[in-house]
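Participant: My questions will all concern the structure given below.
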Amino acid sequence: GLTDLLTKTKINSEQLNYIRTIKKSGEHLNILINDILDFTKIESGKIEIETVAFDLQRLLYNSCNIIALRAYQENIDFTLNIPPQTPTLLYGDSHRLKQILINLANNALKFTEKGSINIRVKPLSEKENSIKLRFVVEDTGVGIPVANLKSIFKSFTQADSSTTRKYGGTGLGLSICKKLVNLMGGKINIKSETGSGTKIWFELKLRKQKPAHNKNLISDFNLENQKVLIIDRNKNNRDYLASYLKFWKIIPHKVSSVVNAIRIIEKNPDKFDAVLIDTDKSEFSPGEIGKKFCRLNPGLFQKLVLLTKNSGKLNWGSLKEAGYIIYLSKPIMPHRLLKSLEYTFELLSEYEETWAYSQSASVQQDDNKKKNGLILIVEDNRVNQKVTASMTAKLGFDSKIATNGKEALELLEKENFNLVLMDCQMPVLDGFETTKLIREGRYNINKNIPVIAITANVLKEDFEKCFLSGMNDLLPKPITSKSLSKILNKWIELK
């Protein structure tokens, strides 16, 4: 948390590099500790597989979105793909499935210095009430010697002795994945060789909900025979976008470069009703491409949809003038693609802008924008007090600190707070008992005030204990500016 705050202060580039190294080391240490804790829970039989309803498509994108952003920052292509006909409303252990996907995706990113990472779901067989799916994580990284593949899923095992030195890690990641897949009744396998990347896949049988298909992927309009040009240098992306266009009965035309697209538009100026343009590795800027297309065919003005991994750096005003109607942040969720096309085809009169933004878009507030909201931080650790108070100030909120539940109740009686950040383990009166007293309304306190648990305990039973005590939400430690901002904006309503 402190390193996160330091990166936002006035420091020179050398100091910034040092701080980022410290931050990265801290994050790495956190991953190692979590791996060891997960391993010990599995080995001691403390992990139980649960069955809950979930949306596979949302789970996949939410799991891999942050990893995708890191890949884009390192100039690595990252694609996600679930075939459009696949049932995605399912029952299963969504938490463990998410853990496996994140672990495998992180692993792929760690060992890939250039090229691409592709995550896809492939239906293998389907019955009335269930479906068997194969999840594939494929990369163009350093690969693994064939001789070492047999032992790769063993605990504390890396591909070779130099792997730990170069890339770090405990050698537990793949072992944990295998144990979790086995607990869920599935199987996992790997194919790789040195210098040729790695392909890991696992298969699970999951129960289907009724209905099993997401309504968000069904258009309320007739899109049949609309013609869309797809420009993307990555074949996986082109095929992925085209598969969904065909699903909606739109006619796709795929090209790998802007130069090829220009040739096609020159020959057939009126051929397309819209253009999907990925310009991230193009020889032309988005503005140049838009103006060129609109000169060749003025009818394409406000019919251009920009696909980008750098939405935070866009000058949207100038891009609209160049002919773009909207942009979508990668990786692109299909329901966002559908809404953007409906709007581009003038079938939707209004476009809900939140569809256009990736879920990973920054939710942090302008440091100079005061919200005049007051947060009560209930925390006994002085370092945590300082970090949390500094973060809330950076996000535009005032705060006061209580070192235990008894002090918190006294402050809540005296002042009107907008939200309580409640540590769970404290002396005198812990967070659970304090929250119960707030909800009982014994004191002259707003018993409906949002109370957010701050805890390092993130097992299912820990979540349940927080919610049973009356807490509204949970903020896992270590807290980051991004996670804190998301919680505050979710629960605080200011006039």
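For the sequence shown, the working numbering assigns the number 497 to the last residue and increments by one with no breaks. The beta-carbon is built from N, C-alpha and C at its ideal position, and this holds for glycine as well. No experiment lies behind these values; they were computed from the predicted model shown.
Taking a contact to mean a Cβ-Cβ separation below 8 Å, would you say residue 276 touches residue 305 in this structure?
Facilitator: Residue 276 sits at position 274 when you count from the first residue of the sequence shown. Residue 305 sits at position 303 when you count from the first residue of the sequence shown. Cβ distance < 8 Å, so residue 276 and residue 305 count as in contact.
Participant: Does residue 180 pass the burial test, meaning 16 or more other C-beta atoms within 10 Å, or should it be called exposed?
Facilitator: Translated into positions along the sequence shown, residue 180 becomes position 178. Residue 180 is buried by the Cβ-count criterion.
Participant: Where does residue 363 sit, in a helix, a strand or coil, going by DSSP?
Facilitator: As a working note, residue 363 is residue 361 in the sequence shown. Only weak support exists for where residue 363 lies, its pLDDT of 32 falling under 50; the value from the coordinates is given anyway. Coil at residue 363, not helix or strand.
Participant: Helix, strand or coil: which one does DSSP assign to residue 424?
Facilitator: Counted from its first residue, the sequence shown places residue 424 at position 422. Note: residue 424 maps to strand in three-state DSSP.
Participant: What are the boundary residues of the beta strand (DSSP E) that includes residue 120?
Facilitator: Sequence index remark: in the sequence shown, residue 120 carries index 118 (1-based). It spans 118–128 - the beta strand (DSSP E) in which residue 120 sits, taken as one unbroken run.
Participant: Ordered along the chain, which non-local residues of its own chain (more than five positions away) have a Cβ less than 7 Å from that of residue 263?
Facilitator: For the purposes of this step, residue 263 is identified with residue 261 of the sequence shown, where counting begins at 1. Once the five neighbours on either side are set aside, the close Cβ partners of residue 263 are 231, 233, 257.
Participant: What residues are listed by DSSP as bridge partners for residue 203?
Facilitator: Numbered from its first residue, the sequence shown carries residue 203 at position 201. Answer is 138, 191, bridged to residue 203.
Participant: So, for residue 202: in the same chain, excluding its five sequence neighbours on each side, which residues have a beta-carbon less than 6 Å away from its beta-carbon?
Facilitator: For the purposes of this step, residue 202 is taken as the residue at position 200 of the sequence shown. For residue 202, where only same-chain residues beyond five positions count, the Cβ hits under 6 Å are 106, 139, 192.
Participant: Span of the beta strand (DSSP E) holding residue 345?
Facilitator: Locating residue 345 in the sequence shown gives position 343, where the first residue counts as 1. Note, residue 345: premise wrong, no beta strand (DSSP E); alpha helix (DSSP H) at 336–346.
Participant: Can you name, in chain order, every residue of its own chain whose Cβ lies under 6 Å from the Cβ of residue 51, other than the five neighbours on each side?
Facilitator: Walking along the sequence shown from the start, residue 51 turns up at place 49. Closer than 6 Å at the Cβ level, and outside the excluded window around residue 51, lie 95, 185, 186.
Participant: Just how far apart, CA to CA, sit residue 39 and residue 101?
Facilitator: By one-based count along the sequence shown, residue 39 stands at place 37. By one-based count along the sequence shown, residue 101 stands at place 99. Rounded to the nearest angstrom, the two C-alpha atoms are 13 Å apart.
Participant: Comparing alpha-carbon positions, which option in 155, 268, 493 lies nearest residue 563?
Facilitator: In the structure displayed, the chain extends from 3 to 497; residue 563 sits before or after that span and is not available.
Participant: In whole angstroms, what separates the C-alpha of residue 454 from that of residue 434?
Facilitator: One-based indexing of the sequence shown puts residue 454 at position 452. One-based indexing of the sequence shown puts residue 434 at position 432. Each residue's Cα considered, the two are about 11 Å apart.
Participant: Going by DSSP in three states, residue 451 sits in which element: helix, strand or coil?
Facilitator: Indexing the sequence shown from 1 puts residue 451 at position 449. Three-state DSSP puts residue 451 in coil, outside helix and strand.
Participant: Looking at residue 134: is its Cβ nearer than 8 Å to the Cβ of residue 126?
Facilitator: Translated into positions along the sequence shown, residue 134 becomes position 132. Translated into positions along the sequence shown, residue 126 becomes position 124. It is a contact, given that the beta carbons lie within the stated cut-off.
Participant: Is it true that the CB of residue 380 sits closer than 8 Å to the CB of residue 346?
Facilitator: Along the sequence shown, one-based indexing puts residue 346 at 344. Along the sequence shown, one-based indexing puts residue 380 at 378. Not a contact, by the Cβ cut-off of 8 Å.
Participant: Measuring alpha carbon to alpha carbon, tell me which of 131, 259, 432 ends up nearest residue 212.
Facilitator: Taking the first residue of the sequence shown as position 1, residue 212 is located at position 210. Cα-wise, what sits closest to residue 212 is 131.
Participant: Decide if residue 498 is buried, meaning its Cβ has at least 16 other Cβ atoms within 10 Å, or exposed.
Facilitator: Nothing can be reported for residue 498: it is not among the residues displayed for the chain, which extend from 3 to 497.
Participant: Quick one: what's got a C-beta closer than 7 Å to residue 337's C-beta in the same chain, skipping five residues either side?
Facilitator: Taking the first residue of the sequence shown as position 1, residue 337 is located at position 335. Closer than 7 Å at Cβ, skipping near neighbours: 218, 219.
Participant: Mind checking who residue 255 pairs with in its DSSP beta bridge?
Facilitator: As a first step, residue 255 is located in the sequence shown; it is residue number 253 there, counting from the start. Partner(s): 231.
Participant: What's the gap between the Cα of residue 280 and the Cα of residue 65?
Facilitator: Numbered from its first residue, the sequence shown carries residue 280 at position 278. Numbered from its first residue, the sequence shown carries residue 65 at position 63. If I take the Cα positions, the gap works out to 23 Å.
Participant: Can you confirm whether the stretch 444–451 touches the stretch 408–427 when touching is taken to mean that 3 or more C-beta pairs between the two stretches lie within less than 8 Å?
Facilitator: Enough Cβ pairs lie closer than 8 Å, so yes.
Participant: For residue 6, which residues in the same chain have their Cβ closer than 8 Å to its Cβ, ignoring the five residues on either side in sequence?
Facilitator: One-based indexing of the sequence shown puts residue 6 at position 4. Closer than 8 Å at the Cβ level, and outside the excluded window around residue 6, lie 25, 393, 482, 483.
Participant: Report the rounded CA-to-CA distance for residue 41 versus residue 377, giving the unit in angstroms.
Facilitator: Locating residue 41 in the sequence shown gives position 39, counting from the first residue. Locating residue 377 in the sequence shown gives position 375, counting from the first residue. Cα to Cα, residue 41 sits roughly 37 Å from residue 377.
Participant: Can you find the residues in the same chain that come closer than 8 Å, C-beta to C-beta, to residue 492, ignoring five residues on each side of it along the sequence?
Facilitator: To locate residue 492, count along the sequence shown from 1; it is residue 490. Excluding positions up to five away in sequence, the list reads 475.
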